[in-house]
Amino acid sequence: MDNALSRAFTPLSLLRFALPNMVMMVFLSLYTIVDGIFISRYVGTLALSAVNMAYPLNCLQMALGIMLASGGSAVIARKMGEGKALEARRDFSCVVAVSAVVGAVFLVLGNLFLDEILRLLGTSPAQMDLCRTYTRILLWFAPAFFLQTAYQVLFVTAGLPGLGLGLTVAGGLANVVLDITFMGPLDMGIAGAAVATVIGYCIPAVAGTVYFFLNRRGSLYFVPFRPDWPMLAKTCGNGSSEMVTNIANAVTTFLFNILFLRYWGEDGVAAITIVMYFQFVLTAVFFGFSMGVAPVVSYKYGAQDLPQLRGIFRCCLIFVAVCSLGAYVLSRMSIGLCLEAFTQAESAVYAITMEGFPLYAGSFLLMGVSIFASSLFTAFSDGLVSALISFARTFLFLVGMLLVLPQLLGKPGIWLAVPAAECLGLAVSVGFLLWGRRKYGYAPVRKPKTA
C-alpha cells in the first residue's frame with residue numbers, strides 16, 4: 500500500500516507532516532473566536548455569555564466525535580502498518596457511518612429536550628432566548644458536525660493532511676464571511692451566527708464524504724462493510740481519553756459558568772468565555788501536533804520500526820517544550836490587544852479578564868506534555884492509560900481545584916484552579932511516560948549497572 504506514513508521521518512519532515520493538522524486546529528480555534536468577536540460586537544456580551552452556557556452540550560458532541568475519530572484512527576493506521584489494507588478501509592467506512600448516526604441521535608434528542616438541557620446547564624432568564632435560538636440551529640446540523648470532526652482526523656490517517664486543512668480553511672472562511680453578512684447587513688442577530696457556523700460545518704462534511712466515495716486511488720476510501728462491534732469497542736477504548744477530555748471540558752465549563760455567575764454575574768461569564776477562546780488557540784497547537792503525529796506513531800509501532808519510533812518521540816518532546824514556553828510568553832504579551840477585539844477597554848468584562856488572566860496563564864507552561872502523552876498512548880491503542888491521563892488532568896484535578904480553591908482563596912482561587920490542576924496532571928503524565936518506555940519501546944531503558 501502506497502502511504503505517506505511508511506516513509507522514514509526526520510525532525511523536519513515530521514513537523515512538515517504534522518503542520519497542516521496544527522494549522523487546521525489553530526484555524527478552527529480562530530474562526531470560533533472570530534464567531535465570538537462578531538457575536539460580542541454585533542449582538543452584545545450578554546449574547547456571548549449565552550453561547551457559552553450551551554458550550555457543555557457542544558463539548559459532549561465533540562467528546563463522542565473525537566472518541567470515534569481518534570480511536571478509529573489508531574486502529575486504522577495500525578492495520579495499515581501491518582499491511583491489512585482491506586480491513587483498514589472497512590474499519591474506516593464503519594467509523595464514519597457510526598459518526599453520522601450518533602450525530603442524528605443528537606439532532607433528534609437535543610431538539611426534543613432543549614429547554615430542559617439549557618435549564619440544567621444553569622442558563623439564566625436573561626440568557627435563555629438567545630441561548631435557545633443559537634443551540635437549536637446547531638443541533639439541526641449535528642450530523643455534519645460529527646462528519647467534519649471525523650474527517651479532520653481521518654484525512655491525516657489517509658496521508659492527506661493538506662486536503663483536510665484546505666477543507667477546514669474553506670469552511671472557516673465561509674463562516675467568517677457569513678458572520679459579517681448575517682449579523683451585519685442582514686441583521687439576523689444570534690441566529691445569523693449559528694447559521695454561519697453550521698454552513699462552515701457542512702463544507703468539509705459534504706466535501707469529505709464526496710471525496711472518500713469517489714477517490715479510489717488513495718489508501719482509504721469507502722467500501723462495503725458490516726458493523727464490526729469488537730472494532731468499535733476497541734475504537735471507543737482507544738479514543739476514551741479524548742472523550743474524557745471533552746466531557747471534562749463540559750463539566751468544568753459548567754462549573755466555571757456557575758462560579759463566574761455567582762461572583763461576577765453575566766459579565767463574568769463573558770470574561771471566562773473570552774479567556775477560553777484565547778486558550779483554544781494556544782492549546783490547538785498542542786492538540787494539532789499530537790493528533791498530526793499520532794498516525795505516524797501508530798504506523799511505526801505496527802511496523803515495529805523502533806529506531807524511527809524513538810526519534811519521533813524525542814522530536815515531539817522538544818517541540819512541546821518549546822511551544823509551551825512560547826504559548827505562555829505570547830499569551831502575556833497579547834492578551835490586552837486581543838481582549839479589545841471583544842469589548843471596550845473601560846468595560847467590566849475587560850477589567851474582570853485582565854485581573855484574572857495573569858493567574859490563569861501559568862497553565863500554558865504545563866499542559867503541552869499532558870496533551871501529547873495522552874495522544875501518544877492513544878496511538879499505541881492503550882486507551883486505558885490515555886484516559887487516565889486525561890481524566891486526572893482535565894476532570895479529577897480540575898474539578899477538585901474548582902471546588903476547593905475558591906473556598907480557600909476566594910476569586911483568585913477560581914483563576915488558579917487550572918494552573919494547579921495542570922501541575923498535578925503533568926506529574927501524572929511524566930510518570931506514565933517513564934512507565935511506558937519498556938512496554939512500547941519509544942525510549943531506551945537504561946539497565947542498572949552491575950558491580
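Okay, so the sequence shown: first residue is 500 according to the numbering used here, each after it adds one.
Every residue, glycine too, gets a C-beta built ideally from N, C-alpha and C.
All figures in this text were calculated on a predicted structure; none of them were measured in a lab.
Applying the criterion that 16 or more other CB atoms from any shown protein chain within 10 Å of the CB defines a buried residue, is residue i buried or exposed?
{"i": "Trp-934", "result": "exposed"}
{"i": "Trp-763", "result": "buried"}
{"i": "Leu-662", "result": "buried"}
{"i": "Leu-713", "result": "exposed"}
{"i": "Arg-618", "result": "exposed"}
{"i": "Leu-907", "result": "exposed"}
{"i": "Pro-684", "result": "exposed"}
{"i": "Pro-857", "result": "exposed"}
{"i": "Ile-966", "result": "Since the displayed the chain opens at 500 and closes at 950, residue 966 lies outside it and no answer follows."}
{"i": "Gly-930", "result": "exposed"}
{"i": "Pro-703", "result": "buried"}
{"i": "Leu-567", "result": "buried"}
{"i": "Asn-745", "result": "buried"}
{"i": "Val-819", "result": "buried"}
Which same chain residues end up closer than 6 angstroms to residue i when comparing Cβ atoms and leaving out the 5 residues on each side of it in sequence?
{"i": "Phe-785", "result": "Gly-867, Ile-870"}
{"i": "Ala-641", "result": "Gly-602, Phe-605, Leu-606"}
{"i": "Ala-576", "result": "Thr-656, Pro-794, Ser-797, Tyr-798"}
Report all residues from its chain with a CB closer than 8 angstroms to the CB of residue i; omit the five preceding and five following residues, and keep chain order.
{"i": "Gly-855", "result": "Ala-770, Val-774, Lys-910, Pro-911, Ile-913, Trp-914"}
{"i": "Gly-791", "result": "Phe-516, Ala-517, Leu-518, Pro-519, Asn-520, Met-521, Val-655, Pro-660"}
{"i": "Ala-950", "result": "Its pLDDT being 44, under 50, Ala-950 is placed unreliably by the model, and the measurement read from it follows with that caveat. Counting only Cβ-Cβ distances below 8 angstroms, and skipping sequence neighbours, we find nothing."}
{"i": "Leu-620", "result": "Met-552, Ala-553, Pro-555, Leu-556, Phe-753, Asn-756"}
{"i": "Met-500", "result": "Confidence at Met-500 is low in this model, with a pLDDT of 42, below 50, so the placement of that residue is unreliable and no value is reported for it."}
{"i": "Leu-824", "result": "Leu-864"}
{"i": "Thr-622", "result": "Ala-549, Met-552, Ala-553, Cys-630"}
{"i": "Cys-507", "result": "According to the sequence provided, residue 507 is Ala. The question's Cys does not apply to it. Excluding sequence neighbours, Ala-507 sits near Gln-807."}
{"i": "Ala-596", "result": "Phe-724"}
Where does residue i fall in DSSP's three states?
{"i": "Asn-737", "result": "helix"}
{"i": "Phe-724", "result": "coil"}
{"i": "Tyr-941", "result": "coil"}
{"i": "Met-832", "result": "helix"}
{"i": "Gln-906", "result": "helix"}
{"i": "Leu-865", "result": "coil"}
{"i": "Ser-846", "result": "coil"}
{"i": "Phe-508", "result": "coil"}
{"i": "Met-687", "result": "coil"}
{"i": "Ser-592", "result": "helix"}
{"i": "Arg-515", "result": "helix"}
{"i": "Asp-678", "result": "helix"}
{"i": "Gln-626", "result": "helix"}
{"i": "Glu-615", "result": "helix"}
{"i": "Gly-825", "result": "helix"}
{"i": "Ala-950", "result": "At Ala-950, the pLDDT of 44 sits below 50, so the modelled position is not reliable; the number obtained from the coordinates is stated separately. Three-state DSSP puts Ala-950 in coil, outside helix and strand."}
{"i": "Arg-716", "result": "coil"}
{"i": "Phe-785", "result": "helix"}
{"i": "Gly-663", "result": "helix"}
What's the C-alpha gap between residue i and residue j?
{"i": "Gly-801", "j": "Ala-573", "result": "10 angstroms"}
{"i": "Gly-941", "j": "Arg-809", "result": "One point to set straight first is that residue 941 is Tyr, not Gly, in the sequence displayed. Each residue's Cα considered, the two are about 5 angstroms apart."}
{"i": "Leu-805", "j": "Tyr-798", "result": "11 angstroms"}
{"i": "Ile-565", "j": "Asp-614", "result": "26 angstroms"}
{"i": "Phe-591", "j": "Ala-793", "result": "16 angstroms"}
{"i": "Cys-593", "j": "Gly-665", "result": "24 angstroms"}
{"i": "Ile-636", "j": "Phe-896", "result": "34 angstroms"}
{"i": "Val-525", "j": "Thr-782", "result": "8 angstroms"}
{"i": "Ile-834", "j": "Arg-588", "result": "45 angstroms"}
{"i": "Ser-528", "j": "Ala-850", "result": "24 angstroms"}
{"i": "Leu-677", "j": "Ile-538", "result": "12 angstroms"}
{"i": "Val-821", "j": "Thr-648", "result": "28 angstroms"}
{"i": "Asp-766", "j": "Thr-509", "result": "48 angstroms"}
{"i": "Thr-708", "j": "Ala-919", "result": "42 angstroms"}
{"i": "Val-498", "j": "Arg-715", "result": "Outside the shown range of the chain, which is 500 to 950, sits residue 498, and nothing can be said about it."}
{"i": "Met-561", "j": "Leu-514", "result": "26 angstroms"}
{"i": "Gly-688", "j": "Tyr-700", "result": "19 angstroms"}
{"i": "Ala-926", "j": "Cys-735", "result": "26 angstroms"}
{"i": "Leu-646", "j": "Ser-880", "result": "22 angstroms"}
{"i": "Val-722", "j": "Tyr-710", "result": "13 angstroms"}
{"i": "Leu-547", "j": "Thr-772", "result": "8 angstroms"}
{"i": "Leu-731", "j": "Val-795", "result": "21 angstroms"}
{"i": "Leu-836", "j": "Val-848", "result": "14 angstroms"}
Report back the beta-carbon spacing between residue i and residue j to the nearest angstrom; my notes put them in contact at under 8 angstroms.
{"i": "Phe-841", "j": "Ile-536", "result": "6 angstroms"}
{"i": "Leu-585", "j": "Ala-657", "result": "With 8 angstroms as the limit, Leu-585 and Ala-657 do not qualify as a contact, their Cβ atoms being about 15 angstroms apart."}
{"i": "Met-682", "j": "Ala-692", "result": "6 angstroms"}
{"i": "Val-780", "j": "Ile-532", "result": "7 angstroms"}
{"i": "Ala-643", "j": "Val-697", "result": "7 angstroms"}
Please go through the same chain and pick out, in chain order, the residues whose beta-carbon is closer than 7 angstroms to the beta-carbon of residue i, but skip the five residues on each side of it.
{"i": "Tyr-827", "result": "Ala-860, Phe-863, Leu-864"}
{"i": "Ser-874", "result": "Ser-789, Met-790, Ala-793"}
Kindly examine the ligand SAH and report whether one of its heavy atoms sits closer than 7 angstroms to the Cβ of residue i.
{"i": "Leu-781", "result": "The ligand SAH is not part of this structure, which contains no ligands at all."}
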